[in-house]
Amino acid sequence: MSNLCAKGFLEKMMSGVVPSSKPRRLHFEVRTDTTILFINTSDRKLANGPYVVCKATGRIHPVCRLYKDTHHAFIKAILPIRTRKDNFRTLNLSASESPLSSMERLPSSSKQRMVAVPSRLYSTPSKSRPLAGLRIAVKDNIHLQGLKTGYGNNAWHELYPPAKTTAPAIKLLLAAGAVVVGKLKTSEFCEGVDPHQWIGSTCPVNPRGDGEQKPSSSSTGSAVAAAAYPWLDCTIGTDTGGSIRHPAGVNGLFGNRPTQTAISLVGVLGATDLLNTLGIFTRDATTFGKIGTQLLPSSFQPLIPREARKYKLLYPVRSLQQEHPSPHRWFPNPLADASKLTEAEKKIEAFVLKLEQHLCCERTAFNLDELWRAMKPRGQPDSLDEATGPIYSALVSYSALHEGGINDFLASYASSHHGSAPKLSAIVSQRLEYGRSLTRAQIAQHLDSMAVFARWVENVLFGPPDEEAITLLIFPQSFGRPNYRDDIPEHECVVYDKFSVYSFGYLVGCPDYTVPIGEVPFVSRVTGKAGYLPVSLSMVARRGNDVPLFDILTLLEEKGVLSAVKAGRRMY
Numbered sequence: 002m003s004n005l006c007a008k009g010f011l012e013k014m015m016s017g018v019v020p021s022s023k024p025r026r027l028h029f030e031v032r033t034d035t036t037i038l039f040i041n042t043s044d045r046k047l048a049n050g051p052y053v054v055c056k057a058t059g060r061i062h063p064v065c066r067l068y069k070d071t072h073h074a075f076i077k078a079i080l081p082i083r084t085r086k087d088n089f090r091t092l093n094l095s096a097s098e099s100p101l102s103s104m105e106r107l108p109s110s111s112k113q114r115m116v117a118v119p120s121r122l123y124s125t126p127s128k129s130r131p132l133a134g135l136r137i138a139v140k141d142n143i144h145l146q147g148l149k150t151g152y153g154n155n156a157w158h159e160l161y162p163p164a165k166t167t168a169p170a171i172k173l174l175l176a177a178g179a180v181v182v183g184k185l186k187t188s189e190f191c192e193g194v195d196p197h198q199w200i201g202s203t204c205p206v207n208p209r210g211d212g213e214q215k216p217s218s219s220s221t222g223s224a225v226a227a228a229a230y231p232w233l234d235c236t237i238g239t240d241t242g243g244s245i246r247h248p249a250g251v252n253g254l255f256g257n258r259p260t261q262t263a264i265s266l267v268g269v270l271g272a273t274d275l276l277n278t279l280g281i282f283t284r285d286a287t288t289f290g291k292i293g294t295q296l297l298p299s300s301f302q303p304l305i306p307r308e309a310r311k312y313k314l315l316y317p318v319r320s321l322q323q324e325h326p327s328p329h330r331w332f333p334n335p336l337a338d339a340s341k342l343t344e345a346e347k348k349i350e351a352f353v354l355k356l357e358q359h360l361c362c363e364r365t366a367f368n369l370d371e372l373w374r375a376m377k378p379r380g381q382p383d384s385l386d387e388a389t390g391p392i393y394s395a396l397v398s399y400s401a402l403h404e405g406g407i408n409d410f411l412a413s414y415a416s417s418h419h420g421s422a423p424k425l426s427a428i429v430s431q432r433l434e435y436g437r438s439l440t441r442a443q444i445a446q447h448l449d450s451m452a453v454f455a456r457w458v459e460n461v462l463f464g465p466p467d468e469e470a471i472t473l474l475i476f477p478q479s480f481g482r483p484n485y486r487d488d489i490p491e492h493e494c495v496v497y498d499k500f501s502v503y504s505f506g507y508l509v510g511c512p513d514y515t516v517p518i519g520e521v522p523f524v525s526r527v528t529g530k531a532g533y534l535p536v537s538l539s540m541v542a543r544r545g546n547d548v549p550l551f552d553i554l555t556l557l558e559e560k561g562v563l564s565a566v567k568a569g570r571r572m573y
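So this is what it looks like as structure tokens:
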């Protein structure tokens with residue numbers, strides 16, 4: 002109970018709360034109806050913040066405020082074990098069980114989890130602890146000592162013991178003063194699935210618009226929690242094929258996939274470290290940069306100071322023959338009829354104009370398909386779909402079995418359950434079967450194709466490195482189009498075989514940041530009422546240019562070009 006503040010606990014265990022204005026040695030005066038009790042605390046130094054004094058023992062306790070997980074983003078609320086800040090235990094308390102809740106007892110299937118959140122006053126930021134007081138929550142494929150890692154599958158959670166250590170990337174944030182308050186839901190084995198394909202738990206609820214939009218997949222809980230709860234400052238996710246970037250777009254957040262290999266993946270579950278990364282979600286650019294740079298190695302600090310940098314802006318456009326919406330997220334062709342631009346495209350164009358102004362550069366418009374056909378490597382097909390489309394699904398499906406531990410999991414589960422197989426969703430089972438059908442020779446061929454595309458992007462698309470200039474590739478990320486969570490696609494996508502705009506991240510290893518730039522109106526077919534949905538842009542740079550990306554976004558926020566987004570249905 003030492004970290005939990007609840008009404009019943011307060012009434013039974015204490016009769017006064019004494020806030021401390023600054024860290025100092027104090028005497029606490031606790032008043033009751035009949036006595037005044039003085040508790041001498043001169044032997045300890047207390048930080049800022051509210052405290053609870055136990056009348057029976059005289060012990061002083063910090064307190065947390067309880068919040069409801071109204072959008073079903075959390076799989077576990079947690080508390081740190083006081084002797085070890087990187088060691089945790091589960092807080093099992095639902096809204097119906099909380100003394101703070103006036104709700105009637107809920108059925109077990111619809112209970113809202115309660116999350117214990119400490120006061121920011123306990124921590125004062127300093128040079129050594131720049132993240133002091135910031136509240137974060139972590140995707141449930143990342144190890145936290147003392148807790149089981151569920152990986153989006155109940156059988157996996159049941160089979161494996163609690164983690165013995167906390168992932169090094171999370172330890173970095175803890176050492177910098179951040180506070181972890183919970184673990185967040187992920188889809189099964191971090192796969193890309195629709196809400197109706199979730200098993201074992203409820204798919205988190207996207208707060209934007211009418212609350213009926215798809216929240217995207219994999220880092221679902223991380224995106225929803227950051228978009229829904231103002232009491233969270235940042236959430237941690239992972240991105241293999243777009244699992245941070247797309248959720249950030251549809252939930253109206255800043256989200257990043259950093260340079261491949263920049264952040265340690267020790268203690269992080271995923272199909273393959275070859276494609277997987279760890280990244281973050283926030284609601285403002287300042288926090289985005291503060292936490293994001295904390296995770297990066299010191300070698301990523303750029304040699305050229307921020308004020309001396311120059312920029313090149315790559316602006317991929319649709320061909321005149323492509324109708325809107327295009328198969329990829331490209332910009333409208335400059336020669337197209339501007340009167341036919343959507344509201345989202347108008348907002349994007351206004352933002353790009355300001356981007357050009359503040360970065361003192363002009364966009365270079367080009368069509369990626371035409372550039373590939375004209376300058377593709379020898380022996381490669383004319384189509385980017387053929388050249389790159391099959392790579393992702395092949396590598397991920399194959400690696401999930403052999404590198405991601407799923408073969409071992411299936412064997413261990415069967416051994417401990419009299420030969421029975423664990424419950425898996427149909428879509429995940431189909432993808433695993435596809436992985437089993439692949440040979441090492443096929444995987445080697447896909448790896449070769451991946452390397453060919455990566456070299457082409459570096460040498461042709463980005464061009465020769467320029468020490469004085471940062472090259473930015475931008476493209477629309479989300480257009481504010483309704484995509485209802487109960488919509489079921491006509492054809493389930495078992496294997497991806499088309500070129501993806503996310504491939505600059507997972508095939509080339511480039512940093513790719515999602516940036517919320519506005520919202521557009523729509524009328525909900527569910528509620529019949531007007532609402533607003535996010536519009537966002539993606540920014541991609543060469544490998545290693547993560548810090549300049551953070552700097553650009555911080556600058557744009559300082560200049561008022563970007564605004565921090567709010568939690569809830571409206572971004573602004």
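Residue numbering for the sequence shown follows the working numbering, starting at 2 and increasing by one per position.
C-beta atoms are modelled at their ideal positions from N, C-alpha and C, and glycine is treated no differently.
Being a predicted model, the structure only gives us computed values, none of them experimental.
Contact between S124 and G134 holds: CB atoms are separated by about 4 angstroms, below the 8 angstroms threshold. Excluding the 5 residues flanking it on each side, Q302 has same chain C-beta neighbours closer than 7 angstroms at V548, in chain order. Counting every other CB atom within 10 Å of its CB across the protein chains shown gives Q443 a total below 16, marking it as exposed. For the set M115, I137 and Q113, the Cα lying nearest the Cα of R121 is the one of I137. Annotation for Q431: the continuous alpha helix (DSSP H) segment containing it runs A427 to R437. Assignment of S299 by DSSP, reduced to helix, strand and coil, places it in the helix class. Using a Cβ distance threshold of 8 angstroms, A224 and T283 do not count as a contacting pair. A buried status is given to C235, since no fewer than 16 other beta-carbon atoms sit within 10 Å of its beta-carbon. The Cβ atoms of G210 and R570 lie closer than 8 angstroms to each other. Annotated three-state conformation of M115 is strand, per DSSP. Within the model, the alpha-carbon separation for H247 versus F551 is close to 18 angstroms. Each of R130, E434 and L266 was checked against the Cα of S426, and the nearest Cα belongs to E434.
With respect to A170, I281 sits apart: the two C-beta atoms are not nearer than 8 angstroms. By a beta-carbon distance limit of 8 angstroms, K291 does not contact L175. Their separation comes to about 15 angstroms. Between R364 and F410, the alpha-carbon positions lie close to 49 angstroms from each other.
The continuous stretches of beta strand (DSSP E) do not include P205, and DSSP gives it neither H nor E. Taking the Cα positions, G380 is about 14 angstroms away from H447. Take the alpha-carbon of L554 and the one of V516: they are about 8 angstroms apart.
As a beta-bridge residue in DSSP terms, F282 pairs with T236 and G256. Boundaries of the alpha helix (DSSP H) harbouring I171: P169 to A176, taken from the DSSP string. A Cβ-Cβ distance of about 18 angstroms is found for the pair Q113 and R486, leaving them out of contact under the 8 angstroms criterion. For L474, the enclosing beta strand (DSSP E) begins and ends at A470 to F480. In this chain, the alpha helix (DSSP H) harbouring E558 covers D547 to E559. For F75, the enclosing beta strand (DSSP E) covers residues F75 to I82. In the three-state reduction of the DSSP assignment, K184 falls in the strand class, which pools E and B. Judged by their CB atoms, L185 and K149 are not nearer to each other than the 8 angstroms cut-off. Taking 8 angstroms as the upper bound for CB-CB distance, T187 and S220 are in contact here, some 7 angstroms apart. Per DSSP, the continuous alpha helix (DSSP H) segment holding D370 begins and ends at L369 to M376.
Straight-line spacing of the CA atoms in I76 and G183 works out to 8 angstroms.
When P51, L342 and H144 are compared, the shortest CA-CA separation from R90 is found for H144. In the displayed model, A542 falls within a strand according to three-state DSSP.
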